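Notes for the one structure printed next.
Protein chains in written order, with the numbering used here: chain R, 17 to 322; chain F, 878 to 1466.
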């Protein structure tokens, strides 16, 4: 186990190096000029050039990247161009909010998605099944900002059950978490449905039934642990999709997380922040996948980590 | 033999199960179609009733109908009754049926590898069955589970409770299934092909066990099987089923001594029996394939750098040659390395040592030469459905080897395919159909036609007839032998079925744990088996004759040893001794 984790972490370092290189390169070739954003539209060419030299943005790509990397190795994510503070501090102050939302949203995703999938599988080809799968199709294809605004309009503006935006109490958390949960549940319900249908057909389910177990026991005790295995691997992968969704949802709900930070930084081409947020997301995805792989052997004893 | 079976009928045991006019139908767009029709039988305490028949005869559906486990809603009982004591099971609501299931009627299934839940421990699955029907506390249930494992003679039962199914072998898992089924001492046990998926030596142990437990507990057993050898060994009475109907019902002795119905007679005639092999013509001594000192090992990796830390010794120092037009049989139980040898011969398993086909070796050839050499050897696999691409027509499938090797124009390839179709007993107008439209036997014929397309010198038949019903198996074996005479093809016949091997082979090699332990002509190996493992394999085969008295097999001390060894170590190399006329036997340590 420790050797496995160590090897995976070494591999992760390579992944993070690749991610930072690609992101840095894309930002470098971007036609928009970050210096112009800093200096303002009315600044003279001389001022722009001096800022460019100050930030080292006149250097060749590899020199810039090398400097960034050497900072990164020492734990320095750089300084925001516009907010005049350390990127690491900005991210650290916003990370707890995002993590809280992430955990709550994944919980909602799983509860909604798995319940829908299990019910649809057990009532396969019935009206219930078709209605649930139709719903999941809608949630998969609906644009994130539309669903977010709709939730906000109905539950905050019209019904007034939850605050319109902000951060701080449990009531603030409900709407963004449920919105993300609904958006992500479609994939889970479809996958859970097919996984559950496969498992319910297996010989060991027939054995469980032949023992005279109740239906609840057969489904929850025998089928569920087997059916959930592919889902666990999916949660790890899903964190990537989730990080994309959080940018939109945090902005709509005014949630002070790193998604919102990224949104602001992208608009103003604040390269150090974009880099920082991308790296934090990549770390989250890598750790999420590692966690999923570490959990799997506890559910399926046949899986051996080596 | 049970009390009910005495010929005078004087001491009949009480009836426990009575099935009257049972009809099971499946709902189809065209209306109800019966899968089982008007089946009636009774079962007495301590009796074993075999329901024998080929695939599609309705024997498994019958067992599921009795258990109330038919797949709803399409398949259901449409008429008749199933009485357990005074209760009609067909009229019982599900909740009450559930309380009987597992307690008064229990069932064991064919596939021990897939019949236990992989994510729950053996102990959890056993105690759960006990606690579903009794008020036993966790500790009491555990004690009963332990007793049940003792009863099925599983070694180290304490540890087994904590193990997961994948840590047990097939035979051990089937013992766990039996323990689970018999833990609550049910009146009726339905055993659906309980030993079909097991190796022959394990099969005989499991059958012994079932017989002993029946004697001890007085359980009535319904044994569903296609294997007439198992019927002869186990059953008091037999019902032969065909296409959902009972064809014949009689005592086991009567069925085997004087079967009344033509179907039963055909079925019994098709059963491969030891000692029924016809004398075979002399074969020329020209060698088609030669294996010298072939070793196949698969690495197991570990550690941070993923280096090889151990090896699976699949094949160890195997040498033999196959001559033109002969059938060379490789026999042994699962995991002995026989299929790995097949893969090595066609060049898809990395090996050490030398394999020559028609004097050439893949190792010496460039890509073009290797491709040309591949034409000389073809394989026919066990499962024809898995071996045929479901999205290709049969004509395309048979012609594909010609296409790959660029032989002839498209029209010529198609003509060759239709010629081959006829040769294997199918008709030309079936060329544009898809594999799912054919029966299992027909699909295997298609695979054989495909193997013939390139006119190979050697066809490797890897358990090619094992999945087929006996009557189909007999016809496919006839076809293979006719093709061999016609084209002078050599067969490497890989099988676990000693009776089939005895019937069709010229020479035999017996494998155990990757090494050959005995080899010689059929007459030498079967007539004068010298190695204890060979004898064990031969003795374990169920004989389709109820009057046959099996010599008691010594119980194996433990499980088959593991072929995994850490790097640098390996099994001791067996030394073969010639005991006369090329009959080689591994020397005992």
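Here a beta-carbon is modelled for each residue, glycine too, at the ideal position from N, C-alpha and C.
These figures come from a predicted structure and were not determined experimentally.
Extent of the continuous beta strand (DSSP E) run through residue i
i                      : result
residue 895 of chain F : 892 to 905
residue 960 of chain F : 952 to 961
Test: residue i CB closer than 8 Å to a CB of chain R
i                       : result
residue 991 of chain F  : yes
residue 976 of chain F  : yes
residue 950 of chain F  : no
residue 1423 of chain F : no
Distance between residue j and residue i (C-alpha atoms, nearest Å)
i                       : j                       : result
residue 1006 of chain F : residue 233 of chain R  : 11 Å
residue 952 of chain F  : residue 1400 of chain F : 50 Å
residue 217 of chain R  : residue 162 of chain R  : 39 Å
residue 993 of chain F  : residue 270 of chain R  : 51 Å
residue 197 of chain R  : residue 143 of chain R  : 24 Å
residue 949 of chain F  : residue 1335 of chain F : 48 Å
residue 1056 of chain F : residue 959 of chain F  : 25 Å
residue 1062 of chain F : residue 915 of chain F  : 30 Å
residue 53 of chain R   : residue 182 of chain R  : 28 Å
residue 919 of chain F  : residue 935 of chain F  : 17 Å
residue 1379 of chain F : residue 1131 of chain F : 27 Å
residue 36 of chain R   : residue 294 of chain R  : 8 Å
residue 899 of chain F  : residue 140 of chain R  : 29 Å
residue 1026 of chain F : residue 320 of chain R  : 27 Å
Sheet register partners of residue i (DSSP bridge)
i                       : result
residue 1453 of chain F : F/1463
residue 1386 of chain F : F/1207, F/1396
residue 984 of chain F  : F/1067
residue 1118 of chain F : F/1123
residue 1178 of chain F : F/1185
residue 928 of chain F  : F/1101, F/1116
residue 908 of chain F  : F/905
residue 1371 of chain F : F/1207, F/1339
residue 1232 of chain F : F/1168
residue 1256 of chain F : F/1337
Buried versus exposed, by CB contacts within 10 Å (16 or more), residue i
i                       : result
residue 227 of chain R  : buried
residue 1368 of chain F : buried
residue 1035 of chain F : exposed
residue 937 of chain F  : buried
residue 1309 of chain F : exposed
residue 1459 of chain F : exposed
residue 203 of chain R  : buried
residue 973 of chain F  : exposed
residue 185 of chain R  : exposed
residue 1119 of chain F : buried
residue 1313 of chain F : exposed
residue 1363 of chain F : exposed
residue 1225 of chain F : exposed
residue 117 of chain R  : buried
residue 989 of chain F  : buried
residue 1162 of chain F : exposed
residue 1434 of chain F : Unreliable placement is indicated for residue 1434 of chain F, whose pLDDT of 47 sits below 50; the coordinate value is still reported in the next sentence. Exposed.
residue 150 of chain R  : exposed
Boundaries of the alpha helix (DSSP H) in which residue i is found, first to last residue
i                       : result
residue 198 of chain R  : 186 to 216
residue 42 of chain R   : 18 to 45
residue 319 of chain R  : No alpha helix (DSSP H) holds residue 319 of chain R; DSSP gives it neither H nor E.
residue 1415 of chain F : 1409 to 1417
residue 1000 of chain F : 999 to 1008
residue 143 of chain R  : 143 to 157
residue 1316 of chain F : Residue 1316 of chain F -> no alpha helix (DSSP H), and no H or E assigned at all.
residue 1027 of chain F : 1015 to 1028
Neighbour flag for residue i against chain F, beta carbons, 8 Å
i                      : result
residue 225 of chain R : yes
residue 315 of chain R : yes
residue 52 of chain R  : no
residue 192 of chain R : no
residue 138 of chain R : no
residue 229 of chain R : yes
residue 246 of chain R : no
residue 95 of chain R  : no
residue 218 of chain R : yes
residue 188 of chain R : no
heavy atom of the ligand MN below 7 Å from residue i C-beta
i                      : result
residue 961 of chain F : Of ligands this structure carries none, so the ligand MN is not represented either.
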